[in-house]
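See structure below.
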Amino acid sequence: MSHALVPKGVLDALELAARSFLWQRSANTRSMHYVDLASLCHPRNDGGLGFHATATWSGPLRARFAWEYLQPHQSLFERAMHGRYSENLFTCPPRRSDSAVIKILRDGAASLLSVSRWRIGRGENINILADRWIHDRVLSRWPTFIHSQLPDSMLLSEMLTENGDWNRSKLLQFFGLSLVDTIIQIPTYPAVRRDRHELNFQHSGKTIASMAYAACFPSPSADFSWLSRLGLRPRERLFWWRLALDAIPTRCWLLRRGLTDSGVCPWGCPSPENRDHIMRGSSNVAAISCELHQWGIDMPVVQDWASFPALVSSTRKLDLGPLLVFCYVVYQHWRTRNAKVHGREFGTPLILAATIMENINCSTDFPSTRYWGTNRPDKPSPSSFWCPPAAGLD
Ligand SMILES: [Zn+2]
1 MSHALVPKGV LDALELAARS FLWQRSANTR SMHYVDLASL CHPRNDGGLG
51 FHATATWSGP LRARFAWEYL QPHQSLFERA MHGRYSENLF TCPPRRSDSA
101 VIKILRDGAA SLLSVSRWRI GRGENINILA DRWIHDRVLS RWPTFIHSQL
151 PDSMLLSEML TENGDWNRSK LLQFFGLSLV DTIIQIPTYP AVRRDRHELN
201 FQHSGKTIAS MAYAACFPSP SADFSWLSRL GLRPRERLFW WRLALDAIPT
251 RCWLLRRGLT DSGVCPWGCP SPENRDHIMR GSSNVAAISC ELHQWGIDMP
301 VVQDWASFPA LVSSTRKLDL GPLLVFCYVV YQHWRTRNAK VHGREFGTPL
351 ILAATIMENI NCSTDFPSTR YWGTNRPDKP SPSSFWCPPA AGLD
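Below, the structure written as structure tokens:
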């Protein structure tokens with residue numbers, strides 16, 4: 001896809017096949033959409049699952065070709081292309097007669113511009129409003145205070161002195177004082193003369209394609225770093241990711257969509273079953289917690305969902321053990337709740353508590369989980385899984 005011009009119709013067909021794989025169980029039945037495909041395609045650090053959006057990927061994959069094109073030219077092809085198009089390739093309008101190579105480079109350049117900025121030489125190629133030269137911002141798309149008489153076509157060279165330094169008095173004609181102070185901190189390279197492109201984040205460890213792909217999505221509305229911090233197993237992680245997006249079919253969720261007549265908790269609790277109730281109010285969660293408490297294992301009391309991500313983020317890494325137990329308790333409660341609702345067999349709180357402890361690997365570095373088996377007569381190694389206490393052991 002990066003080396004050839006694949007028709008958009010083909011890419012759309014591939015995406016349709018991916019959607020069918022996710023949501024169409026068979027030719028006649030379709031699954032419920034809890035989360036839209038765009039959210040699934042967000043990078044994992046930004047709250048998605050990192051699925052690849054086929055049509056969105058083509059530009060970022062080609063961004064490295066555009067980046068190579070901007071580097072010092074070695075091959076005959078690169079020298080010939082640069083001699084003909086120079087860096088106007090980024091700005092000149094597309095023509096029907098353009099070759100496939102030019103179309104691929106221009107497509108890659110469009111993605112590259114979102115993750116690169118100008119490294120200022122003499123400023124003769126940089127448009128003040130339309131180009132990115134203040135950190136990762138474009139002034140025409142950044143709501144800030146700029147004099148309304150700043151011409152659209154003004155070049156940055158007019159803000160520099162003959163020596164290539166910033167002309168403070170000229171800057172003050174068009175920008176506010178705080179923005180001028182920010183601009184003056186930006187280094188210029190008048191000895192190089194030529195303006196060049198540089199990556200916004202040169203030492204991020206990510207590839208150009210990865211950065212350009214991440215830039216295709218809007219900034220996440222919430223911080224999801226807490227989810228990675230917990231280090232949950234994939235199945236539990238997926239559950240908590242859905243919980244974060246309020247995308248699990250609680251009774252209240254189904255009621256909002258007209259798929260049930262009542263929002264009452266299936267365990268008979270007086271309060272409606274919503275996300276907060278799943279976490280703190282269910283009598284089943286309380287029963288599992290009671291069983292764990294008898295084994296000397298406590299978990300924190302979480303008042304509501306809104307406080308949970310901040311609680312994880314503010315907890316020291318070594319003290320995450322109780323929160324990890326809490327996450328597994330809520331997950332096992334949800335599985336049991338589904339079994340009850342759909343008429344399947346489910347375990348007692350004692351069985352669930354034992355299952356939770358079996359699922360948590362004692363090899364983690366959490367002090368509260370590392371020595372859970374210390375008092376057992378057969379003294380399991382710290383790397384073994386936890387097991388329920390032996391019969392008759394106080
Ligand atoms: Zn309940």
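Quick note: the sequence shown uses UniProt numbering, first residue 1, plus one each step. The C-beta atom is built at its ideal place from N, Cα and C for all residues, glycine as well.
Burial check for residue 330: the Cβ neighbour count within 10 Å reaches 16 or more, so the residue is buried. Per DSSP, reduced to three states, the secondary structure at residue 292 is helical.
The beta carbon of residue 273 sits closer than 7 Å to at least one heavy atom of ligand 1.
DSSP, read as helix, strand or coil, puts residue 68 in helix.
Remark: the shortest separation between the CB of residue 265 and any heavy atom of ligand 1 falls under 7 Å. With distances taken between CA atoms, residue 302 lies nearest to 326 out of 326, 294, 291, 320. Restricting attention to 305, 307, 288, 304, the CA atom closest to the CA of residue 298 is found in 288. Across the set 160, 354, 335, the C-alpha of 354 shows the shortest separation from the C-alpha of residue 290. The C-alpha of residue 335 is placed about 44 Å away from the C-alpha of residue 62. Look at residue 127 here: in three-state DSSP terms it is strand. Around the Cβ of residue 219, a 10 Å sphere holds fewer than 16 other Cβ atoms; the residue is exposed.
Spatial neighbours of residue 167 in its own chain (CB-CB distance under 7 Å, excluding positions within 5 residues in sequence) are listed in chain order as 159, 160, 161. Annotation: the continuous beta strand (DSSP E) that includes residue 118 extends over 116–119.
Per DSSP, the continuous alpha helix (DSSP H) segment holding residue 82 begins and ends at 76–85. Rounded to the nearest angstrom, the gap between the Cα atoms of residue 58 and residue 78 is 22 Å. In this structure, 117 is the residue among 153, 173, 209, 117 with its C-alpha nearest to the C-alpha of residue 134. If you draw a 10 Å sphere on the C-beta of residue 277, you find 16 or more other C-beta atoms in it, and that means buried.
Residue 197 sits in a strand when the DSSP states are folded into three classes. Bridge partners of residue 346 according to DSSP: none are assigned. Membership of residue 253 in any beta strand (DSSP E) is not indicated; the residue belongs instead to the alpha helix (DSSP H) covering 251–256. Contact annotation, residue 209 with residue 44: C-beta distance approximately 16 Å; criterion of less than 8 Å not satisfied. In this structure, residue 269 has its CB closer than 7 Å to one or more heavy atoms of ligand 1. Looking at the backbone, the Cα of residue 328 and that of residue 292 are separated by about 12 Å. In this structure, the C-beta of residue 289 stays at least 7 Å away from each heavy atom of ligand 1. Per DSSP, residue 132 is one residue of the beta strand (DSSP E) stretching across 132–134. Straight across, the Cα-Cα distance linking residue 359 with residue 295 is about 16 Å. DSSP places residue 309 in the helix class (H, G or I) of the three-state scheme. Here residue 41 is buried. Its C-beta has 16 or more other C-beta atoms within 10 Å. Here residue 349 is buried: its Cβ has 16 or more other Cβ atoms, across all protein chains shown, within 10 Å. In this structure, the C-beta of residue 205 stays at least 7 Å away from each heavy atom of ligand 1.
Pairing residue 153 with residue 140, the inter-Cα distance amounts to about 12 Å. Between the C-alpha atoms of residue 190 and residue 125 there is a straight-line separation of about 13 Å.
Fewer than three pairs of CB atoms, one per stretch, sit closer than 8 Å, so the stretch 178–188 makes no contact with the stretch 22–33. Of the other Cβ atoms in all chains shown, 16 or more fall within 10 Å of the Cβ of residue 332; this residue is therefore buried.
The C-beta distance from residue 109 to residue 66 rounds to 4 Å, short enough to meet the 8 Å contact threshold.
Under the DSSP assignment, residue 38 falls in the alpha helix (DSSP H) whose first and last residues are 37–41.
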